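So the protein lines, in turn, are chains C and S. Residue numbers 1 to 396, in the working numbering, belong to the letters of the first sequence in order. Residue numbers 1001 to 1396, in the working numbering, belong to the letters of the second sequence in order. The C-beta atom is built at its ideal place from N, Cα and C for all residues, glycine as well. Source: prediction; values computed, not measured. Please read the structure below before turning to the comments.
2 protein chains.
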Amino acid sequence: MTYPYPEKTRLELKSLIRAVTEKGSSIPGFISFALGSPAPECVPVDLMRQAYLDVFDQDPMAVLAYGPQIGDVRLRDWIVDYMATRQNCPADGQDVVMLTGSGQGLRLAPHTLCDDGDEVYLDLFTYPNATYAAHYLGAKPVAIDGDDDGMLPDKLEEAARSKRGKLIYLIPNFQNPTGRTMPLKRREEIYEVAKKYHLAIYEDDPYGEIRFSGEHIPSFKSFDSEDLVIYSGSFSKILSAGLRVGYLFGPEDMIKKITAVKNTDGQAPLYNQKIIYRALELIDLEAHIQQLRETYGKKCRLMERALKDSCSSRCRILVPDGGMFMWVEIPDAVDIDAMSDAMIEAGVGPVKSAAFTSDLSRPGHAFRLNYSAPSEEDIVKGAALFGQITRQFCGD
Amino acid sequence: MTYPYPEKTRLELKSLIRAVTEKGSSIPGFISFALGSPAPECVPVDLMRQAYLDVFDQDPMAVLAYGPQIGDVRLRDWIVDYMATRQNCPADGQDVVMLTGSGQGLRLAPHTLCDDGDEVYLDLFTYPNATYAAHYLGAKPVAIDGDDDGMLPDKLEEAARSKRGKLIYLIPNFQNPTGRTMPLKRREEIYEVAKKYHLAIYEDDPYGEIRFSGEHIPSFKSFDSEDLVIYSGSFSKILSAGLRVGYLFGPEDMIKKITAVKNTDGQAPLYNQKIIYRALELIDLEAHIQQLRETYGKKCRLMERALKDSCSSRCRILVPDGGMFMWVEIPDAVDIDAMSDAMIEAGVGPVKSAAFTSDLSRPGHAFRLNYSAPSEEDIVKGAALFGQITRQFCGD
């Protein structure tokens, strides 16, 4: 007899991103555009080593023993200051909770805010863990259609009329997977719907600092007069993804409840937080972020050029203003699964849109291509290969 | 208007353990028996420093970048071997999932196994996060009475007749907070009830290696013919609590589902796992565990003697065969809240049983005293103070 699992965990949701990596691992010279990893050349290795040693040697037992549940207080203060000065979000009535990677918040928000069957609204194509986390909690992920400016307010409102909505999940800057950035006007329109239906907004902003063209757009959090917005930030893309340090910044009462739920998981690794704080003391952050932007911008333009030179004219290439991902739409009539398999066999691994859909019945017709992790050489080579196969499948 | 939180997170569950620490922090010379921290003198600081450096210098990007979702494969293999050789649990049909501290499993098990309203059975006095995690998931924690051998099988069966039961939470060795160890016969009886009602058993064993008297008792997992048992292990009490590395070992299908749910939280910090693995390579584990047992045994006997010399004869002192905690029961007629406050004011901080109850209507009449974290001097002094106040409240 098998164990009587609840409905919510009976369906297994598989990562199609990992599937690309796994298939590719047996192909010699495989060029992966599948990961969402930061550019390795931008990780300040020597400085991080110094930070590790400084933290350990200053007080080994602060590293090796349990520490305060709240996390490293100096890093929290740094975040409050960062949110006020760089994101224009003062701390009045707001609080911070430290996370083991900002990804932890994708589960904590619906865990704290949603009852069984409550609805979470997401872009049709979005970060899969946000969809999966809602699903595994017994909440209902609902896909909302968008255009080039992101989620459509009237489509959101249509869904919210169910009165079962609790939460909107958004990545307003350089969205994963589409690379799109939501203009201020659209943010304000979405906010109006959230206000009307009392929906919380989870503003996921891991890539926000990596803008290499266009102007900074104010975050939802910066005009959150109604205390609806939880802002999620991360050090993964700026300093180190491996340390798994992220945070949520939001209304005091929400953060308090999220913290209580989080605490049942036990304490987050304090050492990792202390290393990040020490690295922030050691680094020239402005100069470092400038370097990140230049590197990412250069890699993005390299991919853009190679794709435009080689892709079928029937493809639509969306070039982002920042972040890590390019999005290539193909005609609806093309068999995307066959095309994806052909890509991998030929030695290049983008990720097909089905990996990101929040509505399993709509797998879509597009590919996400990461340009931050591969080398410049691989970007050029891989994009040419990708383009060649688009011409095979979509025509010149 | 406040946000419409779901029922399950509306009630705030507060840690009465932390309350003791907070109150005590303003009292000069305060001796805390409140924490569940390992003996600091047993943490192999220099060896851990070596492990940190070795791991970083061998491959910095394996530390600083994202790694495999599965965790460190060598540490997983070590665990499989450990379970087979030291716990007599072969790996056939079983699997491992790495956790960010074994505490993460307290949430993952009910998250994966329970629907809204499903019942989780726990000892009346138990580790609070197990109760809180079930509650915050919308499951129903149900307190089961016990005796000196632990949970009573007939009481468990009485509850399980509801047919809403999904999970039993147990700490069979040196239970937190009572220090009790469940004899083999009782384990077998509990297992029979689990089998009959198809309940999973979460066997939490963070203290199992720290036995300083009596004989090893086979784990539930070692006779789990029906694939009902998830065994939870930790490196916090053996090597370092601060690194937050634990694991679950259980039936393949359960671990697979738990892993899928866990993955929505993102990746666990890989560095921490690598450090633990390197430390296991560097250390003489047998000798280290022997030293742990001697240190903990000595501290336990010291507290036992000091309590027996000073406590009211109307107290019942439960002396454990291992682990970190002593349990002192007081007469039902005594006002335990007043007594607890008087303890803290006098400068000693045990934790009253209300902190551990899984049934808020039954706060109980007992105190948990930790002897691993305080120094030998503080144990003697604090236990004498504790005893003195028991005589004030309970009579000689």
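Restricted to the region 115 to 188 of chain C, the alpha helix (DSSP H) segments that are unbroken, complete and at least 4 residues in length are 128 to 136, 153 to 160, listed in chain order. Taking a C-beta cut-off of 8 Å against chain C, the contacting residues of the region 1107 to 1123 of chain S are Arg1107, His1111, Thr1112, Leu1113, Cys1114, Asp1115, Asp1116, Asp1118, listed in chain order. Restricting attention to C/Glu157, C/Ile168, C/Met151, the CA atom closest to the CA of C/Lys185 is found in C/Met151.
Just measuring C-alpha positions, the residue of S/Gly1387, S/Leu1270, S/Cys1311, S/Val1097 sitting nearest S/Phe1249 is S/Val1097. Scanning chain C for C-beta atoms nearer than 9 Å to the C-beta of S/Asn1129 yields Asn263, Thr264, Asp265, Gly266, reported in chain order. From the beta-carbon of S/Glu1012, the residues of chain C found nearer than 9 Å are Lys256, Lys257, Ala260. Contact of C/Lys140 with chain S is not assigned, every C-beta pair being separated by 9 Å or more. The shortest C-alpha to C-alpha distance from S/Lys1274 to any of S/Ala1287, S/Ala1051, S/Lys1008 is the one to S/Ala1051.
The three-state reading of DSSP puts S/Thr1357 in strand, counting E and B together. Note that the C-beta distance between C/Ala134 and C/Lys140 is below 9 Å. The contact set of C/Gln104 on chain S, defined by CB atoms closer than 8 Å, consists of Asp1265, Gly1266 in chain order. Secondary structure note for C/Phe325: its beta strand (DSSP E) is the uninterrupted segment 325 to 329. For the pair C/Asp253 and S/Ser1225, the Cα-to-Cα distance works out to about 46 Å. Residues of chain C whose Cβ lies closer than 7 Å to the Cβ of S/Gly1101 are, in chain order, Gly266, Gln267. Here S/Glu1188 has Phe1223 as same chain residues with Cβ atoms under 8 Å from its own Cβ, once five neighbours each way along the sequence are excluded.
Within the model, the alpha-carbon separation for S/Gly1382 versus S/Thr1390 is close to 12 Å. Membership of S/Ile1201 in the beta strand (DSSP E) is indicated by the continuous run 1200 to 1204. The DSSP-derived three-state label of S/Asp1309 is helix.
Shown here, C/Pro40 sits in a helix according to DSSP, grouped into three states. A distance below 7 Å between beta-carbons, with the five flanking residues on each side excluded, links C/Leu113 to the following residues of its chain, in chain order: Lys166, Leu167, Ala200. Taken through DSSP and simplified to helix, strand or coil, C/Asp253 comes out as helix.
Contact between the region 1065 to 1072 of chain S and the region 1037 to 1055 of chain S is absent: fewer than three C-beta pairs spanning the two stretches fall below 8 Å. When beta bridges are read from the DSSP output, S/Asp1095 appears opposite S/Gly1250.
If the five residues before and after C/Lys196 are omitted, its C-beta is found closer than 8 Å to the C-beta atoms of Glu157, Ala160, all from its own chain and listed in chain order. The three-state reading of DSSP puts S/Gly1101 in coil, since its state is none of H, G, I, E or B. At the C-beta level, C/Gly297 and C/Ile336 stay beyond 9 Å of one another.
Within the model, the alpha-carbon separation for C/Gly266 versus C/Leu228 is close to 27 Å. When the beta-carbon positions are compared, S/Pro1044 and S/Leu1239 come within less than 9 Å of each other. In the three-state reduction of the DSSP assignment, C/Lys196 falls in the helix class, which pools H, G and I. When secondary structure is reduced to three states using DSSP, C/Tyr66 falls in the coil class, being assigned neither helix nor strand. Neighbours of C/Met61 in chain S, taken as residues whose beta carbon is under 9 Å from its own, are Pro1040, Val1043, Val1045, Gly1242 in chain order. By the rule that beta-carbons nearer than 9 Å mark a contact, C/His288 does not touch chain S.
Annotation: S/Asn1272 is outside any beta strand (DSSP E); the continuous alpha helix (DSSP H) that includes it extends over 1270 to 1282. Remark: C-beta atoms of S/Asn1370 and S/Leu1035 approach each other more closely than 9 Å. With a beta-carbon spacing of about 19 Å, C/Gln94 and C/Asn263 fall beyond the 8 Å limit used to define contacts. Using a Cβ-Cβ cut-off of 8 Å, C/Leu64 is close to Val1043, Val1045, Met1048, Ser1240, Ala1241, Gly1242, Leu1243 of chain S, given in chain order.
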